[in-house]
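Residue numbers (the working numbering): 1135 to 1647.
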């Protein structure tokens, strides 16, 4: 291949520097750029910059923009342009973080190249930076990260080259054998939980074989609080049934039921209408609705409002008793009890209209629209407590599945609720755990993970996490415990209403503090 050695010109260096600064500044200020009309065009410009820097790398000029620097800038501009275009196509922050984490892992497979190594590590760094929850520091650190990678690129290339020269014989056979053995043992250990995660029929069969006898408590023997919860779930999952985007009449009935229950409790609920931005196979033209009720405080504490929320739609073809009538019932009963109190801060009780497919992973999720609604009005959020599937319990040994390694830290019986947090919401999670244990004896297990692994806990809280807000998800671990997850067998008779009554008591105590 012919190598070009043109004499560098100040104009070329100045142009490439300006191009890099424009792209890096756009990436640093992404929060304001993403929602502008120029987002797609900026994405195209980023990809064009990628091509220009690749061309500069081929020229082999001895100026500032040496080949290693030009390749690093090319990858940065190309990845930024791709991010903008994908976001403009309707994907959410957290889904894009999953996609780009996969890209980072692929880049790190070629970690002997400085541009691949820096880009792969840089993607993970940028994902972490965005959870600082301060726009100024996010912009500053992102810009410094890009500038440092380009400035130090040649030195990184030299060190990697020196490392390759220092080990010309390749890896030691003993080291290779030990590595293979360790990875083989690891693969055997994680095989079962991974298999259950990626192959739902096997998971369903294993959990169904351990299912308890139903009903857990006969309806006529339920305590008053549990009986009210049972009535809500029967109304939503029994009388109304499927409440997916494919059933707009049933969704409207659920919306009206929730609205009426808020009114009975003494609230003045507001219907927040929104229409789908993306075309889907549902063929729906009617709008969706988030239902919000507010409880104000006589002397609100600083730091914003609590958001207590649950989605009321269902997966297509399912009555959705656990997913998610159980959480809506707890939301309604907590609202009823809270109405008698004077909370420490404002509480916003919200039923989201769309969480399940075809809205799932898009900006048509009700939680995404609600968060945008809050930001447009300048409402500060103390934290989101997302209620997601809270009715299925199974105390039998082996009835609780986990992703790999989590079973080392948590019980194998499904008689607890789970509180999931990312790192930036860790303080909120621990505060909730402390109040929970004072309010009820129902066991609670907490887990916090970095943002990308936290995609295992897929629900509305992720839209808050990836917009820089504190949020936690309270649930019964969904498909890691309930064999009826997204099945037509997810019916009201499979839930434990007495344990749900304990959850109401604890959730009420949490949001009063």
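We put the CB at the ideal spot given by N, CA and C, even for glycine. A quick note: this is a predicted structure, and the numbers were derived from the prediction, not measured.
Legend entry - Cα-Cα separation, residue 1378 to residue 1310: 52 Å
Legend entry - Alpha-carbon to alpha-carbon, residue 1604 and residue 1479: 16 Å
Inset, instruction - Name, in chain order, the residues that DSSP records as bridge partners for residue 1427. - result: 1483
Legend entry - Separation of residue 1467 from residue 1362, as counted between CA atoms: 8 Å
Legend entry - Nearest neighbour of residue 1447, chosen from 1441, 1385 and 1460 [CA to CA]: 1385
Inset, instruction - Determine the extent of the alpha helix (DSSP H) in which residue 1637 is found, giving its start and end residues. - result: 1631-1645
Legend entry - residue 1312, buried or exposed, once every other Cβ within 10 Å from all chains shown has been counted against 16: exposed
Legend entry - Distance, residue 1382 Cα to residue 1420 Cα: 7 Å
Inset, instruction - If I'm right that residue 1465 touches residue 1444 with Cβ under 8 Å, what's the distance once you round it to whole angstroms? - result: 5 Å
Inset, instruction - Specify the secondary structure class of residue 1313 as computed by DSSP and reduced to three states. - result: helix
Legend entry - Helix, strand or coil at residue 1521 [DSSP, three-state]: strand
Inset, instruction - Could you tell me the distance, in whole angstroms, from the CA atom of residue 1329 to the CA atom of residue 1600? - result: 29 Å
Inset, instruction - Kindly indicate which three-state DSSP category residue 1435 falls into: helix, strand or coil? - result: coil
Inset, instruction - Using alpha carbons as the reference points, say which of 1217, 1219 and 1203 lies closest to residue 1251. - result: 1203
Legend entry - Neighbourhood of residue 1435 by C-beta, 6 Å cutoff - its chain only, sequence neighbours within 5 removed: 1478 and 1479
Legend entry - 8 Å Cβ cutoff met for residue 1607 and residue 1573: no
Inset, instruction - Name the residue from 1318, 1644, 1639 and 1215 whose alpha carbon lies nearest to the alpha carbon of residue 1160. - result: 1215
Inset, instruction - Determine, using beta carbons only, whether residue 1499 and residue 1457 come nearer to each other than 8 Å. - result: no
Inset, instruction - Pick out whichever of 1387, 1482 and 1388 has its Cα sitting closest to the Cα of residue 1430. - result: 1482
Inset, instruction - Report, in whole angstroms, the separation of the C-beta atoms of residue 1645 and residue 1442, which I expect to be a contact under 8 Å. - result: 6 Å
Legend entry - Status (buried if at least 16 other CB within 10 Å, exposed otherwise) for residue 1588: Low confidence applies to residue 1588: its pLDDT is 47, below 50, so where it sits in the model is not reliable, and the reading given next is rough at best. Label assigned to residue 1588: buried.
Legend entry - residue 1578: first and last residue of the uninterrupted beta strand (DSSP E) it sits in: 1578-1583
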